[in-house]
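**Student:** Under our numbering, the first residue of the sequence shown is numbered 1005, with each subsequent residue one higher.
In this text, a Cβ means the ideal position worked out from N, Cα and C, and glycines have one as well.
As the structure is a computational prediction, the values presented were derived from the model and not from experiment.
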Amino acid sequence: METVVITGGSRGIGASAAIECARRGMGVLLTYKQNPDAAEGVVGRITEAGGRAVALPLDVAAIGTFAAFRQTVKEVLTSTWGEARLGGLVNNAGHGLYSPIDAVTEAQFDGLMGVHLKGPFFLTQALLPLLKDGAAVVNMTSATTRVATAGVAPYAAFKGGLEVLTRYMAKEFGERRIRVNAVSPGAIRTELGGGLTSEFETLLASQTALGRVGEPEEVARVIAMLLTEDGRWINAQSIEVAGGYAI
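#1: Excluding the 5 residues preceding and the 5 following residue 1156 in the sequence, name in chain order all residues of the same chain whose CB lies nearer than 6 Å to its CB.
#2: According to DSSP, residue 1104 sits in a beta bridge with which residue or residues?
#3: Pop quiz: residue 1151 and residue 1213 are said to be a contact at Cβ under 8 Å. What is the actual Cβ separation, rounded to whole angstroms?
#4: Could you give the distance in angstroms between the alpha-carbon of residue 1099 and the alpha-carbon of residue 1180?
#5: Does the structure place the segment 1230 to 1248 close enough to the segment 1044 to 1063 that three or more beta carbon pairs sit under 8 Å?
#6: Once you ignore the five residues that flank residue 1186 on each side, which residues in its own chain have a CB closer than 6 Å to its CB?
#7: So residue 1192 and residue 1017 are supposed to be a Cβ contact under 8 Å. How far apart are they, rounded?
#8: Tell me the DSSP bridge mates of residue 1244?
#9: Between residue 1080 and the rest of its own chain, which residues show a CB-CB distance below 8 Å, the 5 nearest in sequence each way excluded?
#10: Spatial neighbours of residue 1215 within its chain, please: CB distance less than 7 Å, with the 5 preceding and 5 following residues excluded, ordered by chain position.
#11: DSSP puts residue 1035 in a beta bridge; with which residues?
#12: Identify the residues that DSSP records as bridge partners of residue 1135: which are they?
#13: Could you tell me which residues DSSP puts in a beta bridge with residue 1183?
#14: Residue 1218 by DSSP, collapsed to three states: which one?
#15: Among 1222, 1064 and 1021, which residue has its Cα nearest to the Cα of residue 1029?
#16: Quick check on the DSSP output: the alpha helix (DSSP H) that includes residue 1076 runs from which residue to which?
#17: What does the Cβ neighbour count give for residue 1124, buried or exposed, with the cut at 16 atoms within 10 Å?
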């Protein structure tokens, strides 16, 4: 059985990805920052369905904690699954900010950079020794890197950086046959950025070819596919999961 780490797995796309990966037979090590009850709720759902999962605290912007986190992951892999290596990593954790460029503060800018670009870079670096040869990494980006949406400039800029980083990771990790891809959601019904108002959802649906916003489960299925043999020949790609948004 492959075991995967999914950051930000207590809610939204991360929670759905954890549940979908477990449904496909993977062991899941999901992280949370502030809501252990929600994370344990996801673990409970996985366990009730016959899977196995563990929730661990992690602040993806706190780079200095990554060495200790790697050691904890190593110990949990051994004690829970009898494994020494990971089969995959999903860099999903993050938060949104809606603000015009002229109102963004340096603290907000740095916070977004830490969780959406710097954190994934150094967390992947930290966990790389634990990844099996032939493992898979999935970086969560955003359709806002393709379609400029006023008010999300810093978020989109760092997601764009992560998209570029995805290709470089694929290049450098190729000798170990580790595949690295990005999944780029469009408008999805989650809590990110405070969720969608009905008016905003209607607007986004009108700009989407399939006429609605997406559900977290629909993104989760693509993430899980990329972590399995079904995605074994997909590498260095950014896959937009958006129902045909702004085409």
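**Tutor:** Taking the coordinates as given:
#1: 1148
#2: DSSP, once it has assigned bridges, lists no residue as partnering residue 1104.
#3: That pair is no contact at about 13 Å.
#4: 32 Å
#5: no
#6: 1143, 1145, 1167, 1170 and 1242
#7: 7 Å
#8: 1188
#9: 1033, 1058 and 1060
#10: 1209
#11: 1060
#12: 1090
#13: 1140
#14: strand
#15: 1021
#16: 1070 to 1080
#17: buried
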